[in-house]
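Participant: According to the numbering used here, the sequence shown is numbered sequentially starting from 167.
All C-beta atoms, glycine included, are put in the ideal place defined by N, C-alpha and C.
Only a predicted model underlies this, so the values are computations on that prediction, with no experimental measurement involved.
Structure provided below as structure tokens; questions to follow.
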Amino acid sequence: MKSPGVSTQVEIYPLANIVTTLAYTGGMLASCFASSPLMAEEPPEALWLTDDRGIVVATGPCKAGSKTLCGIIAGLPGAVTDRNLAQHKNALCDLPLLWDLVWDPARQSWINGKVLDPSTEEVFNLSATTFGETMKLRAWSGNQWMATDMVWQKVQTHEQPCPIPE
167 MKSPGVSTQV EIYPLANIVT TLAYTGGMLA SCFASSPLMA EEPPEALWLT DDRGIVVATG
227 PCKAGSKTLC GIIAGLPGAV TDRNLAQHKN ALCDLPLLWD LVWDPARQSW INGKVLDPST
287 EEVFNLSATT FGETMKLRAW SGNQWMATDM VWQKVQTHEQ PCPIPE
């Protein structure tokens, strides 16, 4: 895995503000918000475990008051068993992973966003749909019909959290 050197012009709303109800307790991040359905048109403030279970992503508004959805790496539970993740943990923590998703009420989905593959440093087009405790993501370059689908699970706590910025 390369050390991410991707420079984006995205101003990500700080992790401490993305999931405003996170509390740091006993070495674990604990989410204190209720497990309620995600509201349409509002960027979901939540923690999501990637389908390979290696990364936890914190999602929320890109900026204070923004209606666009962004996400940053909030934890690396895969670093326990994956040497590459462990080696690059400092570079990966707080790295923007998805950004500029806009709510489309007709599709009931987040569209026109971008996602970073941290292992290749490639940026892909992205759309995402939330269904309760899951988020289905579709990433592609060029033709959307050649997309890669991913399913992330909502989590309340996780191992190997990134340090919370002060």
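1) For S232, which of D266, C259 and L213 has the nearest alpha-carbon?
2) Can you tell me which of the three DSSP states G244 falls into?
3) What does a CB cutoff of less than 8 Å around T216 pick up in its chain, not counting 5 residues either side in sequence?
4) May I ask which residues mark the beginning and end of the beta strand (DSSP E) holding K302?
5) Let's see if you can read the secondary structure: which residues bound the beta strand (DSSP E) around N309?
6) Compute the Euclidean distance between the alpha carbons of K229 and E207, then round it to the nearest angstrom.
7) Which residues in the same chain have their Cβ closer than 7 Å to the Cβ of A252, if we skip the five residues on either side of it in sequence?
8) In terms of alpha-carbon separation, which member of T295, S285 and N291 lies closest to R273?
9) Between which residues of its own chain and N278 is the CB-CB distance below 6 Å, once the five residues before and five after are set aside?
10) Beta-carbon within less than 6 Å of R219's beta-carbon, same chain only, minus the 5 sequence neighbours each way: which residues are those?
11) Buried or exposed for T225, going by 16 or more other Cβ atoms inside 10 Å?
12) Within its chain, find whatever has a CB closer than 7 Å to the CB of A313; leave out the 5 residues flanking it on each side and keep chain order.
13) State the DSSP-derived secondary structure class of Q319, mapped to helix, strand or coil.
14) Give the range of the beta strand (DSSP E) segment to which K233 is assigned.
Facilitator: So, to answer that:
1) Along the sequence shown, one-based indexing puts residue 232 at 66. Nearest option by C-alpha distance: D266.
2) Reading the sequence shown from its first residue, position 78 is the one you call residue 244. In this structure, G244 counts as helix in the three-state DSSP scheme.
3) As a first step, residue 216 is located in the sequence shown; it is residue number 50 there, counting from the start. So the list reads V222, V223, M316 and W318, once near-sequence residues are dropped.
4) Residue numbering aside, residue 302 sits at position 136 when the sequence shown is read from its first letter. Note, K302: beta strand (DSSP E), T300 to W306.
5) Position 143 of the sequence shown, counting from 1, holds the residue named residue 309. Taken as a continuous stretch (DSSP letters only), N309 belongs to no beta strand (DSSP E), as it is neither H nor E.
6) Reading the sequence shown from its first residue, position 63 is the one you call residue 229. Reading the sequence shown from its first residue, position 41 is the one you call residue 207. Taking the straight line joining both Cα atoms gives about 15 Å.
7) Working through the sequence shown from its first residue, we reach residue 252 at position 86. Contacts found: A245.
8) Within the sequence shown, numbered from 1, the residue matching residue 273 stands at position 107. With distances taken between Cα atoms, R273 lies closest to T295.
9) Position 112 of the sequence shown holds residue 278. These residues qualify, in order along the chain: V268.
10) In the sequence shown, the residue the question calls residue 219 occupies position 53. By the criterion of a C-beta distance shorter than 6 Å, R219 is surrounded by no residue of its chain, once the five residues flanking it on both sides are discounted.
11) Along the sequence shown, one-based indexing puts residue 225 at 59. Looking at its Cβ environment, which holds 16 or more other Cβ atoms inside 10 Å, T225 is buried.
12) Here the question's residue 313 lines up with position 147 in the sequence shown. For A313, where only same-chain residues beyond five positions count, the Cβ hits under 7 Å are R304, A305 and W306.
13) For the purposes of this step, residue 319 is taken as the residue at position 153 of the sequence shown. Reduced to three states, the DSSP call for Q319 is strand.
14) Translated into the one-based positions of the sequence shown, residue 233 becomes position 67. Segment: none, K233 is in no beta strand (DSSP E) and carries neither H nor E.
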